[in-house]
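In the working numbering, the protein residues as written are 1 to 240.
The next block holds one structure in the form of structure tokens; read it before the comments.
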């Protein structure tokens, strides 16, 4: 992302052309930019101010699919590095109302994880509002409504060893979230937890699990997604 950052750092008018850069997936071409948006890719006629970038490259802006901007602020650094959007997968409820990043960074926030009483992450790093504790399906459904009303764009739940949400409560969260057009992500690090998350109908694993998954777990997750935070928690040896 260094070349993107270098271009961003240069003063420029609202209308300019980048010439001679290698566009990933396209080849060498001109890029015309107007008011912060790409207006044309190809051969652009002379006229607007020019940035000569022969021997450099341009890629689409990246999306960071797992951040905690309240816990580790870094929105400006992300923008400078070529990240245009981020999925914030746990923050206090106040962050949904106030925001934790520059306005140029598109953020899809989950707000606090819906969790069991004393459940992850309320007893360690997330003790200061990163978990929204509930008792039972009715309270969990209300928690989804509270987060959606506050501006959450997805819901996150931890699926761990006890204390943790029982399957019926997880299913209630999924039903309530889907009724509002929201997907549900799970913090599930082990095979047994990933399998429970799949059974509950959860859409997304917020981390790649830290141990090999059994065939039936992999099958249960067919057609769904996992975020590859490969270095977040470590894991077992890679099998080839």
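Glycine included, every Cβ here is placed at the ideal spot set by N, Cα and C.
- If only uninterrupted alpha helix (DSSP H) runs of at least 4 residues are considered, those enclosed by the region 133-210 are 136-150, 167-179 and 191-200.
- With at least 16 other beta carbons inside 10 angstroms of its own, residue 221 counts as buried.
- The residues 112, 114 and 143, in chain order, have a CB closer than 6 Å to that of residue 132 in the same chain once the five nearest residues on each side in sequence are set aside.
- Under the 10 Å beta carbon count, residue 110 is surrounded by 16 or more other beta carbons and is classified as buried.
- Proximity of the region 137-151 to the region 173-182 meets the contact definition, three or more beta-carbon pairs being nearer than 8 Å.
- Contact between residue 88 and residue 108 holds, since their C-beta atoms are separated by about 7 Å, short of 8 Å.
- By the CB criterion at 8 Å, residue 85 and residue 105 fall inside the cutoff.
- Less than 8 Å separates the beta-carbon of residue 187 from that of residue 120.
- Relative to the Cα of residue 183, the nearest Cα in the group 15, 169, 128 and 205 belongs to 205.
- In this structure, the CA atom of residue 97 is about 21 Å from the CA atom of residue 79.
- Burial state of residue 100 is buried, judged by a 10 Å Cβ sphere holding 16 or more other Cβ atoms.
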